[in-house]
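Participant:
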Amino acid sequence: MKTVYKCNQRGWRRFSLSLLFGTLYAFTSAQDMTFRAQVIPPSPEVSALAKFADTRVSHYSGIPDIQLPLYTLVEQDLELPIALQYHAGGIRVEERAGWAGLGWALNAGGSISRTIKGLPDEQTGSGSGYTNHEVAFDRLSTAERMDYYQRSQNGTIDFEQDIFHFVFGNYSGKFVLGKDGTVSIMSASYLKIQFEQVNRDIVRWNVWDGNGNRYIFEDPERTITEDFSKHRTVPYRSNYYSAWHLSKIITYNGREIRFSYAPYTASYYTRSSQSASYFLTGTTGEYICGNDRITDAFTEVTVRGKQLQSIRFGLGEVLIESKNDRKDASSNRLAGIKVINNRGRLIKSFVFDHDYYQSNLSSKYTHLPEAIKKATPTKRLRLVQVTENTTNPSLDYRFEYHGNVLPHFFSNSQDHWGFYNGAINESLIPQYMRFRKANANRLVVPEYALTGTLKKVSYPTGGSVSYEMESNTALVRSGEYYNFFSPVTLEADQPTYAVSVNSQRRKAFFQVEPKESDLDTLKLIRFSVQLSGRVDCDGRDRDCRGSVDVYLYSPADRSFISLLSNTIQDGAVSGNVWLKAGTRYELHLDGPSRLAAGLSATVFGRRNPPKQEETGRIEVSTGGLRVKSITKDFGNQTETVEYHYEQPETNQSSGSLATFPKYDFIIFNTFERRVPTRNDIILEACLKFELRSYSQVPLSVNADFFGYANVKEIRKNKAGEILRTDYRYLSPADFPDQSSYSSPFGIVRSAAAKRGVPKAEVYYVQTGDSFQKSLEKVYTYQPSERVSHENFKFFCMGYGPGGCRDVRYLKYFNTTVWNPRVEIKEIRYDSQTGASFEKTSILTYDENYLLPTKTTRLIATNNSIEEEYYYPFNLPASLNASRDPSVLTDLIEANRIVPTLAQRKKAGGQLLEQEQVQLQRYHGRLLPAALLKKHADQSEYEDLRVLSYDRFGNILEQKPRTGPRQSFLWFEQGNWMAAAVHNAAAEEIAYTSFETEDMGGWIFSGDPQATEHAKTGQKQYHLGSGPISKTGIPASKNRIFLLSFWAKKASKSTSGSWSFMGKTEVLTDDWQLIQREITTSRIAITGQGVLVDEVRLHPKDAFMETFTHEPLLGMSSSTDQRHYTHYYDYDGMGRLATIRNADRDVLEHYLYTFQTQKQAKP
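Numbered according to mature numbering (1 follows the signal peptide of the UniProt record, and there is no 0), the sequence shown spans residues -30 to -1, 1 to 1132.
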């Protein structure tokens, strides 16, 4: 049994409250606590990138992949793409633009961010975060629960986990921290994540990928929030680290990529919530039982953030430029990106142009406090063009959007999911049955949801890609519709019913619509009365019309409601009355005929929505956007891709929701009231109907909560060719969440990690006017829940003397789910006969490290092929070619678990092939030393032996089983290969072209000269600045080495006659090849007035190829074993443009001609 600990923290606040005013204050304070933002997101820059961790860009979500690749940074085996990404899921009303522009994110480094729930998980001291106590709330007594509830409301203890998001490189996802501080990734992964904490703050995250590369996040971003509320005397304030930016990547082989940031501070206001409270029933409607009202609450957010400034790596750097000229925020905007190599050459350059949306639509009923009104901008940053200016002419990427105007930041014109719907709402509180003071229409309006979103990308080629987007749809059961959508459907959508009276017909019967639920006891009815004259008076003054009256009478209740009790203006009066649902009323016009002449009155209401069977299905529009079609217009290569999201058998939407909007709840309040002039105390009680502007159950448009089970993709081109592919996914219809829709609300167990994976792909070929299957792939999964964390969410269901009197809690779970694909079935169809051929692959995994250990391919009956994979964690001793168990332990510790150490292929249980990798320590790292192979029942043999590495993990020498020994030279800190030699050992070769600080085995003291006339590369060497020498050459008369280099005289005034190693050379202004045989252990190249380049040394029977490079572009020259050189030129976009021969004559030239760009031949 788990021990229940009661957290003993200092500084708990105790309050002593008086019965009446103290009770009222406690009630107000406690209610204000519910206004606090449910979750606190990170900064706009981080949020823009975190969107891509939240929402899958896939057919399942309907969101297209829109990105502009800028550059890919390569450091040995590690690639880091730099790109602009656009999230096409829609623009929320209260969404703030990041520095790249609204909807855009620069994916250039990465971050770990979090959404706070309560306190930071790691907090200690004045507050106890989730990881710092072991309180099992559901095992406490009632008094203890009340105590801990108060502590949680005062911000001194936390029972909910924060949600962390990570986005870097090719990795994205979410995780939580367990009670023991371990990281649980929600969709199980082999990433290894650890954090370091100093005092109360997490200061550093270390993440290892499966190849042992380490990502360090230690540039923190701090967020400070403070409540802005009229009803709070002491505002709630929090100060915490909300994000950690990627600071450094250290590859397994020791290379580093460093990220630097510029700090900034920005402040803005966000809406915490709106709240409506209505008296429902009780002994009184006073004090905390009265005051029907709508209350706004806001939060002031201050971000001390970081914006990426540079990325430095082995061969160069990426500079990110920003400008402090934004009109919608105090932070900088992204202005440009430059890629510069380590020689100072500009490789890539981009300039970003922005303008602004006007953000002032639907602002009529915002009713903001003056301070917030002044601080809220009426613009939002918009990216309109990206220019690559490393070319001539420059290349422009232009972006077009749906309109130039957005709603006001605090507009009430929002659908359930927060997207613009154009409705004229006085608040965000949805209309709900008879509580009509709040009447917000929160339904989705597709044409407004498109406002401000990306429409078209025009490319410098002259082509374009256009995106036609539309609102998402979902199919819901009738019961779900009437429980969650119908109550908040605006009545204007329903037909009316009415009766009238006048001087000729003085009585009419009005039957009120029946109630739709137990709460729907009263119906809102509207009335209008028109008098014969245009008079103004107080309707309560009977002299206005003498003895004339218009009223409603209920025979059942014997109650009268006068319709002439309001002020009469211009001869008319109108208003609303609440009538009992299902009751028949009589509408009367009473009074003398002369006074009633010309008078008429009408009462009318809205019909209830039509009832359907609970088993029926209704298609509803849901928040956010999906792609309807993509048109790619590139001249003669035009293609339109259409997407259809219907169920194939019904043509109804295949979309499904995991959660539904829920805004209402009921609380029970009590208070004590002293009777005047007496000592009696009366206990008053009431039920209050409460509404909130945000759904009480988490409601989101991302792939965790919504998705499509079926998506049909149809590609059409100008030639009339049509390709069709059907995609099927596991969706909320397959794996629904377990949710609580009664207070306390929330998702108890989420099945999000089990959804969104492809279930099948079906490929079709066009046969006349129809389609025929050509290939079908069917996928099977085996989800399992690995780790489950208890969370507790509190809710007060009743207030009374001393504050909250009725605490309820929701116990919910954040669970790590592993959802491996365990079977792939491929069915190929013959287009002529219709016959099919089936192949099945069954995958087996290691359940701890989540990697596949075996694939079984079933080709025919009783015919299978098995492939087994062995890693450090499952390698048996018999296959451990290294013969050292510590090798495996060290690899696991470094999380270098993805590369296989052995593989086997079997058929019918008999071995077909086997491969093993032998590892050895080089420069402190475990690297392959040999590749061992075995075929069937033959003996094992060594296919390759690696003899040495440099300190960067590059092979210096290796010996294949067949063929000569191979050696390599690596320059620029191992970033490029300078020489490859066959039939020589690494210590037997030397080479330099003087391009870098690497001497390649030679010794010289002079500085190479930069020149355009070098034999290869951009540098040459003057022997007058010092000799070039080498010692320790293993040469002899029996082992002859070959020295070769290119030489020419240093100037025209030099004679050119040069004696070297007993032979006189006559040098000219042109490069000429010098060769000598070496039989001694040392040599020196000396002379005056002599320039040299491409100095080689190797055994005479070896073959050497050498290379020079332009960093970040590519190879600039290659010289083969015959000393024949090819030269390579690149254009402004970094593409290969020209290949030249040894005389620099053009051998090949590549023209990249666009519709709007012409290139001349060289």
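Cβ coordinates follow ideal geometry from the N, Cα and C atoms, glycine included. All values derive from a computational prediction rather than experimental measurement.
#1: Go through the region 548 to 589 residue by residue and report every complete run of the alpha helix (DSSP H) that reaches 4 residues or more, in order.
#2: Three-state secondary structure (DSSP) at F129?
#3: I need the DSSP call for V375, collapsed to helix, strand or coil.
#4: Our contact map puts V792 next to T750 with C-beta atoms below 8 Å; I'd like the distance itself, whole angstroms only.
#5: Please list the terminal residues of the continuous alpha helix (DSSP H) segment that includes M116.
#6: How about S237 and V288: are their beta carbons less than 8 Å apart?
#7: What separation, rounded to the nearest whole angstrom, lies between the Cα atoms of L871 and V887?
#8: Just to check my reading of the structure: Y815 and T825 have Cβ atoms closer than 8 Å, yes? What is that Cβ distance to the nearest angstrom?
#9: Comparing alpha-carbon positions, which option in S83, D117, R412 and A67 lies nearest C774?
#10: Can you find the residues in the same chain that come closer than 6 Å, C-beta to C-beta, to E612, ignoring five residues on each side of it along the sequence?
#11: State the DSSP-derived secondary structure class of L858, mapped to helix, strand or coil.
#12: Could you tell me the boundaries of the alpha helix (DSSP H) in which K87 lies?
#13: Determine whether the beta carbon atoms of H324 and L353 lie at a separation below 8 Å.
#14: Using the DSSP secondary-structure output, state which residues sit across from G677 in a beta bridge.
#15: Where does E483 sit, in a helix, a strand or coil, going by DSSP?
#16: Select from S1087, R778 and D1063 the residue whose C-alpha is nearest the C-alpha of F107.
#17: Contact defined as beta carbons within less than 8 Å: I believe G52 pairs with A78. What is the distance between those atoms, to the nearest angstrom?
#18: Under 6 Å Cβ to Cβ from D913, same chain only, skipping five residues before and after it: list those, please.
#19: Where do the N-terminal and C-terminal ends of the beta strand (DSSP E) with Y991 fall, by residue?
#20: Using the rule of at least 16 other Cβ atoms within 10 Å of the residue's Cβ for burial, across every protein chain shown, is P39 buried or exposed?
#21: By Cβ distance, which residues of its chain are closer than 6 Å to F974, with the 5 residues on each side in sequence left out?
#22: If distances are taken between C-alpha atoms only, which option among R184, E450 and D171 comes closest to Y141?
#23: If you draw a straight line from the C-alpha of V204 to the C-alpha of D197, how long is it?
#24: Between V1060 and Y911, what straight-line distance do the alpha-carbon atoms span, to the nearest angstrom?
#25: If you count every other CB in all the chains shown that lies within 10 Å of the CB of I281, and 16 or more means buried, which is it?
#26: Suppose contacts are defined by Cβ-Cβ distances below 8 Å. Is T986 in contact with E1064 by that definition?
#27: Provide the residue span of the beta strand (DSSP E) that contains E438, from first to last.
#28: Look at H1068 and I959 and say whether their C-beta atoms are less than 8 Å apart.
#29: Consult DSSP for I342 and reduce its assignment to one of helix, strand or coil.
#30: Under 7 Å Cβ to Cβ from H905, same chain only, skipping five residues before and after it: list those, please.
#31: For the candidate residues S1025, E691 and E1047, whose alpha-carbon lies nearest to that of K1033?
#32: Quick check on the burial criterion: 16 or more other C-beta atoms within 10 angstroms. Buried or exposed for A213?
#33: Considering only residues of the same chain and omitting the five flanking positions on each side of T42, which have a CB-CB separation below 8 Å?
#34: Hey, how far is the Cα of A23 from the Cα of S83?
#35: On the three-pair Cβ rule with 8 Å, is the region 961 to 974 touching the region 1075 to 1092?
#36: For V573 and V469, I'd like the C-alpha separation in whole angstroms.
Facilitator: Short version:
#1: 563 to 566
#2: coil
#3: strand
#4: 6 Å
#5: T112 to Q123
#6: no
#7: 5 Å
#8: No, Y815 and T825 are not in contact; Cβ-Cβ is about 10 Å, not under 8 Å.
#9: D117
#10: S599 and I684
#11: helix
#12: K87 -> no alpha helix (DSSP H), and no H or E assigned at all.
#13: yes
#14: S626
#15: coil
#16: R778
#17: One detail in the question is off: residue 52 reads as Ile in this sequence, not Gly. Confirmed, Cβ separation roughly 5 Å.
#18: L901, K903 and R931
#19: K989 to H992
#20: exposed
#21: G996 and I998
#22: R184
#23: With a pLDDT of only 46 at V204, under the threshold of 50, the placement of this residue in the model should not be trusted; the figure read from the coordinates follows. Roughly 9 Å separates the two Cα atoms.
#24: 52 Å
#25: buried
#26: yes
#27: S434 to R447
#28: yes
#29: helix
#30: E883
#31: E1047
#32: buried
#33: E49, L50, P51 and I52
#34: Only weak support is given to the placement of A23: the predicted model assigns it a pLDDT of 44, under 50, and the question is left unresolved by the model.
#35: yes
#36: 6 Å
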